[in-house]
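Residue numbers (my numbering): 38 to 632. The structure appears right after this line, and notes come after that.
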């Protein structure tokens, strides 16, 4: 294969009226066939060509996940132009920065809010067209267009020849896309990927799933604006599967049983919340139901663990597993569609216990590893993934650990560099050409495969006043398992002990307060109540009881409001901007260290 767009669209010929893409609206499924996918991509490609777009021009997509996102992505590529995703949740200023930095010529938008944000920017920039993916958006001015008017246009031989010529003119070393990092420390940087770097990642991954093909379903839950979901979606289409789309992440538990996916990319927080919800609901179950659930899940975990390690499974365990399937496990799997082959997990550290729990339910979770600049690195399957570590590492990736403990990489899926930022690009590589991930970790061998264990980010490591190195993400992951904790930021750099800012899950906490007869008129009054403070203190002590004394949280402060992207406290990928939070709440943090 030479390019991503030719790889996918060339396969439409033999797949015709079979489903390629599917979305969900008002609880109903709507689909695009392979023939429609190619037709619409060509129509978009011709629209761009006929409106003066030249090969290499940058075209942005600012929308939530939907089938049209992928159609537009391939349409932009078919014109020889470069798709530049903008996170659907980005503010107007964040979107403006990307538009100006990349020199965007046209923009495809999703909902009314996104159209309005971009339209305001477009009136003061070189953006020539703002095209809405949704029919119910009110478009404005001469720059406003609807996608439906573009894709419903007829395709004649002249159109086919012009678009085919643009696709044929692309080479594997041409720029495929610019993906902007989430920007945990300052403005985001645009990672430039070529067709070659993406094809390397796609093929190295899909070969691990020989069973995947026509009939398989993958649900796009993570934002397509990030490398993880987008590259996996290309792989699904390469294999001839159906790619389904979850437009709003909050609707995931409604979409899962409708989609019934075999595959899905996800983040640890999804499974942490599901795990906490399961055990919270178990509290109100009868003693018999509790015992049955615990017995069944323990049997499932024992079975999965032995199978994963290729150990002998005795007939008694097989018998217990069959019973556990009937009474508990199959019913729980139904919540996520009941057909999970493997659900990929990435983006942050994940508790090995939670991973093990879902594996035992028959919902295999495989922790992978990669970065916007270098993706993927490690991809697991239901058989090869182990709780607590990422992997196995792809065969075409070389990994080493520096003297400082940093994971460093070499491989063909590495970016070409940051767009228009040569100095920032140079900083990401060692003098001998290895990519510096900024992640602290180790490389381990299990069987014939290499795995990566990530402990933290170098820039996030906390060094206490006593000189102890503390990995905050490990502690934050432990606390994040609890249903009553929505967000947590561990602090203590240069201090004598570790403290934390904790945002409660106020929806659940409200129910708890009512059950205890705690009355309050504001969130601040609620989190200041002695009973609530004691409740969280007990939780924190229990959740972190396995930590060493220097790692334990000595003091904490409950926060009355969530950390948000609009306030610049978290990134579009939900990563914490530590420096912003530590500066903004310095007075609160300092109070935790007053004797």
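C-beta atoms are modelled at their ideal positions from N, C-alpha and C, and glycine is treated no differently.
**Item:** Per DSSP, cross-strand counterpart(s) of residue 616
**Value:** For the purposes of this step, residue 616 is taken as residue 579 along the chain shown, with counting starting at 1. DSSP lists no partner for residue 616.
**Residue from 173, 171, 174 and 142 with nearest C-alpha to residue 160** = If you number the chain shown from 1, residue 160 lands on position 123. Comparing Cα-Cα distances from residue 160 to each of 173, 171, 174 and 142, the minimum goes to 142.
**Asked** Hey, quick one: how far does the beta strand (DSSP E) through residue 280 stretch, first residue to last?
**Response** Residue 280 sits at position 243 when you count from the first residue of the chain shown. Here the beta strand (DSSP E) through residue 280 covers 279 to 282.
**Asked** Based on the DSSP secondary-structure assignment, which residues constitute the bridge partners of residue 254?
**Response** Walking along the chain shown from the start, residue 254 turns up at place 217. DSSP output for residue 254 lists 279 as bridge partner(s).
**Asked** Just how far apart, CA to CA, sit residue 578 and residue 510?
**Response** For the purposes of this step, residue 578 is taken as the residue at position 541 of the chain shown. For the purposes of this step, residue 510 is taken as the residue at position 473 of the chain shown. Cα to Cα, the separation comes out at about 17 Å.
**Message:** Do residue 281 and residue 298 have their beta-carbon atoms positioned less than 8 Å apart in this structure?
**Reply:** For the purposes of this step, residue 298 is taken as residue 261 along the chain shown, with counting starting at 1. For the purposes of this step, residue 281 is taken as residue 244 along the chain shown, with counting starting at 1. In this structure, residue 281 lies closer than 8 Å to residue 298 by Cβ.
**Prompt:** In terms of residues, what are the limits of the beta strand (DSSP E) holding residue 489?
**Reply:** For the purposes of this step, residue 489 is taken as residue 452 along the chain shown, with counting starting at 1. 486 to 494 is the span of the beta strand (DSSP E), which, as asked, contains residue 489.
**Asked** What are the start and end residues of the alpha helix (DSSP H) that includes residue 594?
**Response** As a position in the chain shown, residue 594 is number 557, starting the count at 1. According to the DSSP assignment, residue 594 belongs to no alpha helix (DSSP H) but to the beta strand (DSSP E) extending over 590 to 595.
**Message:** Can you confirm whether residue 538, when its beta carbon is compared against all beta carbons of chain D, has any partner nearer than 8 Å?
**Reply:** Of the chains in the structure shown, none is chain D; there is only one protein chain.
**Prompt:** Taking Cβ positions, are residue 479 and residue 490 nearer each other than 8 Å?
**Reply:** Residue mapping note: residue 479 aligns to position 442 of the chain shown, counting from 1. Residue mapping note: residue 490 aligns to position 453 of the chain shown, counting from 1. Cβ atoms of residue 479 and residue 490: closer than 8 Å.
**Asked** Alpha carbon to alpha carbon, what distance is there between residue 94 and residue 115?
**Response** By one-based count along the chain shown, residue 115 stands at place 78. By one-based count along the chain shown, residue 94 stands at place 57. If I take the Cα positions, the gap works out to 12 Å.
**Which of helix, strand or coil DSSP assigns to residue 483** = Counting from 1 along the chain shown, the entry for residue 483 is found at position 446. Three-state result, residue 483: strand.
**Request:** Pull up the distance between the alpha-carbon of residue 266 and that of residue 193, whole angstroms please.
**Result:** For this step, residue 266 is matched to residue 229 along the chain shown. For this step, residue 193 is matched to residue 156 along the chain shown. Those two C-alpha atoms are separated by around 33 Å.
**Item:** Contacting residues, own chain, Cβ-Cβ under 6 Å from residue 462 (five flanking each side not counted)
**Value:** On the chain shown, residue 462 is found 425 positions in, with the first residue counted as 1. Same-chain partners within the cutoff: 454 and 455.
**Asked** Can you find at least 3 beta carbon pairs, one from the segment 388 to 403 and one from the segment 416 to 429, that sit closer than 8 Å?
**Response** yes
**Asked** Could you give the distance in angstroms between the alpha-carbon of residue 40 and the alpha-carbon of residue 49?
**Response** Counting from one through the chain shown, the residue named residue 40 turns up at place 3. Counting from one through the chain shown, the residue named residue 49 turns up at place 12. Cα-Cα distance, rounded: 15 Å.
**Prompt:** Assuming residue 593 contacts residue 537 under a Cβ cut-off of 8 Å, what Cβ separation, rounded to an integer in Å, is found between them?
**Reply:** Counting from one through the chain shown, the residue named residue 593 turns up at place 556. Counting from one through the chain shown, the residue named residue 537 turns up at place 500. About 5 Å separates the two Cβ atoms, so the contact holds.
**Item:** Residue from 66, 184 and 128 with nearest C-alpha to residue 604
**Value:** Locating residue 604 in the chain shown gives position 567, where the first residue counts as 1. If we check each option's Cα against that of residue 604, 128 comes out closest.
**Asked** Can we say the segment 572 to 588 touches the segment 623 to 632, given the rule of at least three CB pairs closer than 8 Å?
**Response** Too few Cβ pairs lie closer than 8 Å, so no.
**Extent of the continuous alpha helix (DSSP H) run through residue 563** = What you label residue 563 is simply residue 526 of the chain shown in a count that begins at 1. Note, residue 563: alpha helix (DSSP H), 560 to 564.
**Request:** Indicate the three-state DSSP secondary structure (helix, strand or coil) for residue 638 in the structure shown.
**Result:** Residue 638 lies beyond the residue range present for the chain, which begins at 38 and ends at 632; the question has no answer from this structure.
**Prompt:** So, using beta-carbon positions, are residue 254 and residue 278 closer together than 8 Å?
**Reply:** Here residue 254 is taken as the residue at index 217 of the chain shown, counted from 1. Here residue 278 is taken as the residue at index 241 of the chain shown, counted from 1. Cβ atoms of residue 254 and residue 278: closer than 8 Å.
**Asked** How should residue 513 be labelled, buried or exposed, when 16 other C-beta atoms within 10 angstroms of its C-beta is the threshold for buried?
**Response** As a position in the chain shown, residue 513 is number 476, starting the count at 1. Burial call: buried.
**Asked** How many angstroms separate the CA atom of residue 224 from the CA atom of residue 363?
**Response** On the chain shown, residue 224 is found 187 positions in, with the first residue counted as 1. On the chain shown, residue 363 is found 326 positions in, with the first residue counted as 1. Roughly 52 Å between the two C-alpha positions.
**Request:** To the nearest angstrom, report how far apart residue 83 and residue 180 are at their CA atoms.
**Result:** For this step, residue 83 is matched to residue 46 along the chain shown. For this step, residue 180 is matched to residue 143 along the chain shown. Each residue's Cα considered, the two are about 17 Å apart.
**Prompt:** Where are the alpha helix (DSSP H) runs, 4 residues long or more, that stay fully inside the segment 181 to 262, in chain order?
**Reply:** 184 to 188, 194 to 205 and 232 to 243
**Prompt:** Per DSSP, what kind of secondary structure is residue 2 in: helix, strand or coil?
**Reply:** Past the boundaries of the shown model lies residue 2; the chain is included only from 38 to 632, so the question cannot be answered.
**Request:** Report all residues from its chain with a CB closer than 8 Å to the CB of residue 520; omit the five preceding and five following residues, and keep chain order.
**Result:** Here residue 520 refers to the residue found at position 483 when the chain shown is read from its first residue. Cβ within range, chain order: 310, 313, 314, 316, 317, 542 and 545.
**Request:** Name the one or two DSSP bridge partners that residue 123 has.
**Result:** Walking along the chain shown from the start, residue 123 turns up at place 86. Residue 123 pairs with 99.
**Message:** Checking the sheet assignment: what are the DSSP bridge partners for residue 456?
**Reply:** Reading the chain shown from its first residue, position 419 is the one you call residue 456. DSSP lists no partner for residue 456.
**Asked** Helix, strand or coil: which one does DSSP assign to residue 145?
**Response** Counting from 1 along the chain shown, the entry for residue 145 is found at position 108. Residue state, collapsed to three classes: strand.
**Item:** Best match in 501, 269 and 427 for proximity to residue 486 [C-alpha to C-alpha]
**Value:** The residue given as residue 486 occupies position 449 in the chain shown. Closest in C-alpha terms to residue 486, from the list 501, 269 and 427, comes 427.
**Nonlocal neighbours in the same chain, by C-beta distance under 7 Å from residue 126, ignoring five residues either side** = One-based indexing of the chain shown puts residue 126 at position 89. Hits under 7 Å: 602 and 609.
**Message:** Please return the same chain residues whose Cβ sits closer than 6 Å to the Cβ of residue 217, not counting the five positions on each side in sequence.
**Reply:** Indexing the chain shown from 1 puts residue 217 at position 180. Hits under 6 Å: 135, 225 and 227.
**Option in 377, 339 and 378 with minimal Cα separation from residue 359** = The residue labelled residue 359 in the question sits at position 322 within the chain shown. For residue 359, the nearest C-alpha among the options comes from 339.
**Request:** Grab me the residues of residue 236's own chain with a C-beta within less than 6 Å of its C-beta, minus the 5 sequence neighbours each way, in chain order.
**Result:** Reading the chain shown from its first residue, position 199 is the one you call residue 236. The answer, listed in chain order, is 38.
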